[in-house]
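Numbers in the numbering used here are just positions in the sequence shown, counted from 1, shifted up by 37.
Backbone N, C-alpha and C fix where the C-beta goes; we use that ideal spot for every residue, glycine too.
Report on the following structure.
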Amino acid sequence: MEDPEGGVKPQVDGASAAGRKDGKKSRRRKGKRGGQTRSAAHPASHELSGNAGQPARPIEDTAGHPARKRKRRRRGGHGVSQEGSLRPQPMEQTGVAANAVRSDGDSASSRRNRRKHRGKRGLQGRPLTSAKPSHIQLQENRIEETARAVVPRDVQNGAGRKGRPEGNAHQGDRQAPEHAWPEELYAALDLGTNNCRLLIAQPTRPGQFRVVDAFSRIVRLGEGLAASGRLSDEAMERAIEALRVCASKLRNREIRRMRLIATEACRQALNGEEFLGRVVAETGLELEIIDRETEARLAVSGCSSLVGRETRSVVLFDIGGGSSEIAVIRIGDNRFSRLANHITHWTSLPVGVVTLSERHGGRDVTPELFEGMVREVEGMLGRFDCPEIEIAQTGDFHLIGTSGTVTTLAGVHLDLPRYDRRKVDGIWLSDDEVSAMQAKLLSWDFDSRAANPCIGPDRADLVLAGCAILEAIRRRWPSPRMRVADRGLREGLLTDMMADDGVWRRNRNRRGQRTK
38 MEDPEGGVKP QVDGASAAGR KDGKKSRRRK GKRGGQTRSA AHPASHELSG
88 NAGQPARPIE DTAGHPARKR KRRRRGGHGV SQEGSLRPQP MEQTGVAANA
138 VRSDGDSASS RRNRRKHRGK RGLQGRPLTS AKPSHIQLQE NRIEETARAV
188 VPRDVQNGAG RKGRPEGNAH QGDRQAPEHA WPEELYAALD LGTNNCRLLI
238 AQPTRPGQFR VVDAFSRIVR LGEGLAASGR LSDEAMERAI EALRVCASKL
288 RNREIRRMRL IATEACRQAL NGEEFLGRVV AETGLELEII DRETEARLAV
338 SGCSSLVGRE TRSVVLFDIG GGSSEIAVIR IGDNRFSRLA NHITHWTSLP
388 VGVVTLSERH GGRDVTPELF EGMVREVEGM LGRFDCPEIE IAQTGDFHLI
438 GTSGTVTTLA GVHLDLPRYD RRKVDGIWLS DDEVSAMQAK LLSWDFDSRA
488 ANPCIGPDRA DLVLAGCAIL EAIRRRWPSP RMRVADRGLR EGLLTDMMAD
538 DGVWRRNRNR RGQRTK
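See the structure below:
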């Protein structure tokens with residue numbers, strides 16, 4: 038194998054290739070060069086002569102001349118004995134010898150030799166002066182381990198211990214990430230007229246949280262409720278089956294605080310309380326029936342982050358399965374931390390997508406039938422006593438819709454191959470775009486609506502009833518734009534529970550604390 042600089046590479050790692058006088062192979066040879074041997078009858082053909090990096094010269098008959106041996110010893114034969122044989126030395130001693138040779142004036146040659154044989158093992162390998170003695174390295178490792186042990190493991194992972202007193206803040210807490218209490222989970226369950234939804238989340242930045250687990254299923258609990266006034270056995274079975282899944286998710290996690298609510302279907306049904314007792318017996322979940330005002334406030338709390346600082350007035354609506362909540366929000370110069378405190382007027386219409394579609398039919402909807410649904414909702418809104426909203430300049434007022442109706446319109450508008458909450462939540466739709474999407478859905482038959490991936494067969498007979506409620510709201514409060522919110526009561530429940538516990542205030546104080 039040729040040396041990069043023209044010479045032949047030594048056949049022994051880091052040692053001279055000169056053979057022994059007695060013809061025996063050196064003990065340092067590893068036999069990596071094809072098993073070539075040195076003997077008196079067949080002497081080595083080449084050896085390294087001179088400094089490393091210079092071309093090798095053939096050995097002459099004068100290899101045993103005293104002057105030649107003295108010359109080899111002067112040029113780096115510190116690993117060669119006086120008898121001319123290679124003798125292994127301890128690595129520590131070799132490093133000292135190498136330093137001594139460099140101090141005698143051969144430092145440049147040694148550096149070139151070191152570069153040439155870098156990465157090799159052997160007597161002439163890299164010097165060991167940079168390596169730390171074992172006892173020093175062990176001491177440094179212990180110091181590093183002690184430093185890690187001083188900071189609790191939960192702080193190293195960016196989290197405080199659950200239930201830890203606020204006054205015992207550690208210096209390392211200042212570098213903790215945004216979610217300082219990953220073990221403190223909150224859960225919110227909303228059993229509505231059409232859906233059963235669950236969210237499990239942990240607080241992060243002020244006013245925000247990270248979803249840990251979620252569940253949603255269409256149960257149609259209010260199916261047939263408008264005609265009979267009672268929850269049907271089939272509807273209750275579907276709801277209880279979904280609640281069993283939610284109960285399993287809640288049992289598998291350590292929840293700090295939870296709130297489980299039921300809305301319009303259980304409010305209206307004559308057997309609503311009886312149904313909730315059955316839920317406790319079969320799933321262990323205790324649900325509370327909330328009133329319509331609480332439902333409206335929770336919807337506002339869930340969407341508070343979508344209201345910009347420049348906004349002065351908002352009409353927020355939640356089109357549900359059995360009722361529709363509407364809140365009028367006016368924001369002055371001083372904005373409260375909770376947007377729900379800015380509600381000036383609210384109403385709850387006793388109509389939703391399920392009840393309206395059952396009364397008028399949601400499968401085959403003609404333009405005349407659609408207009409009849411709109412007029413019915415307009416009559417309900419006409420009884421809502423609310424002053425007109427004054428718009429001083431563009432951007433002061435807009436609508437916010439939080440329901441399956443508006444998210445479906447946004448998904449169809451974006452032409453999504455499948456519904457994607459990340460692309461829908463928070464999107465703006467102009468007044469013309471909303472009108473175009475409603476006309477498009479009205480032109481489709483039932484099969485076309487069911488085939489759309491953002492609608493599906495479960496909503497195909499409900500989506501036009503929701504569009505009729507939306508159209509009535511738009512006629513009452515004309516707005517150049519509407520913001521879509523894929524959030525609602527669950528997010529409002531989580532936001533209120535976290536705010537009541539002061540987790541974001543504790544988080545802010547925790548990051549700002551300094552040790553004395």
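Spatial neighbours of residue i in its chain, beta-carbon cut-off 6 Å, leaving aside the 5 residues before and after
| i | result |
| --- | --- |
| Ala497 | Phe483, Arg486, Ala487 |
| Val402 | Leu501 |
| Ile356 | Ser440, Thr442, Gly503, Ile506 |
| Leu235 | Leu226, Phe252, Cys283 |
| Gln475 | Cys504 |
| Thr392 | Ala263, Gly359 |
| Arg254 | Cys233, Ala279 |
| Gly259 | Thr230, Ala302, Gly358, Gly359, Val391 |
| Met295 | Ala224 |
| Trp465 | Arg518, Arg520 |
Sequence-distant residues of the same chain with beta carbon closer than 7 Å to residue i, five excluded per side
| i | result |
| --- | --- |
| Asn489 | Val449 |
| Pro517 | Ser467, Asp468 |
| Gln119 | Low confidence applies here, because Gln119 scores a pLDDT of 39, under 50, leaving its location unreliable; read the following figure in that light. Nothing listed; no residue qualifies. |
| Gly409 | His397 |
| Arg524 | Gly339, Cys340, Thr439, Asp462 |
| Gln305 | Leu262, Gly359 |
| Thr444 | Val461, Val521, Asp523 |
| Asn194 | A caution first: Asn194 carries a pLDDT of 31, below 50, which makes its placement in the model too unreliable to give a value. |
| Ala276 | Leu228, Cys233, Val256, Leu258 |
| Arg329 | Ser360, Glu362, Ser385 |
| Gly399 | Asp498, Leu499, Leu501, Ala502 |
| Pro454 | Pro490 |
| Arg293 | Glu221, Leu222, Tyr223 |
Cβ neighbour criterion (16 or more within 10 Å) applied to residue i
| i | result |
| --- | --- |
| Pro515 | exposed |
| Ser265 | exposed |
| Pro404 | exposed |
| Thr381 | exposed |
| Cys434 | Checking the sequence shown, residue 434 turns out to be Phe, not Cys. Classification for Phe434: buried. |
| Trp541 | buried |
| Pro202 | Per-residue confidence for Pro202 stands at a pLDDT of 32, beneath the threshold of 50, marking its modelled position as unreliable; the derived number appears in the next sentence. So Pro202 counts as exposed. |
| Ala364 | buried |
| Pro240 | buried |
| Arg420 | exposed |
| Val256 | buried |
| Phe373 | exposed |
| Glu508 | buried |
| Arg346 | exposed |
| Arg334 | buried |
| Ala318 | exposed |
| Gly314 | exposed |
| Gly316 | The amino acid at residue 316 is misidentified as Gly; the sequence shows Val. Burial call: buried. |
| Glu274 | exposed |
| Glu528 | buried |
| Gly539 | exposed |
Residue j beta carbon less than 8 Å from that of residue i
| i | j | result |
| --- | --- | --- |
| Val332 | Ser285 | Checking the displayed sequence, the identity of residue 332 turns out to be Glu instead of Val. In this structure, Ser285 does not lie closer than 8 Å to Glu332 by Cβ. |
| Pro267 | Asn231 | In the sequence on display, residue 267 carries Arg and not Pro. Contact: no. |
| Leu222 | Glu323 | no |
| Leu287 | Glu325 | no |
| Ser342 | Gly244 | yes |
| Glu427 | Arg512 | no |
| Cys491 | Tyr456 | yes |
Near the ligand PLP: residue i beta-carbon under 7 Å from a heavy atom
| i | result |
| --- | --- |
| Arg459 | The model depicted lacks the ligand PLP and carries no ligand whatsoever. |
Cβ-based neighbour list, residue i, same chain, cut-off 8 Å, excluding 5 preceding and 5 following
| i | result |
| --- | --- |
| Thr348 | Ile368, Gly432, Asp433, Phe434, His435 |
| Ile366 | Val337, Val344, Ser350, Val351, Val352, Leu353, Leu376, His379, Ile380, Thr381 |
Subject >> Three-pair Cβ contact test at 8 Å for the region 467-475 versus the region 441-450 >> reply: yes
**OP:** Would you list, in sequence order, the uninterrupted alpha helix (DSSP H) runs of no fewer than 4 residues that lie entirely inside the region 209-297?
**Re:** 262-265, 270-288
**OP:** Check whether the region 347-362 touches the region 289-305, taking contact to mean three or more Cβ pairs, one atom from each stretch, closer than 8 Å.
**Re:** yes
Original post:
What runs of the alpha helix (DSSP H), each 4 residues or longer, lie entirely inside the region 364-407?
Top reply: 390-397
Original post:
For the region 324-343 against the region 532-539, are there 3 or more C-beta pairs whose distance is under 8 Å?
Top reply: yes
Original post:
What are the complete alpha helix (DSSP H) segments, minimum 4 residues, inside the region 325-358?
Top reply: 329-339
Subject >> Contiguous beta strand (DSSP E) assignments of at least 3 residues, all confined to the region 458-538 >> reply: 465-467, 518-521
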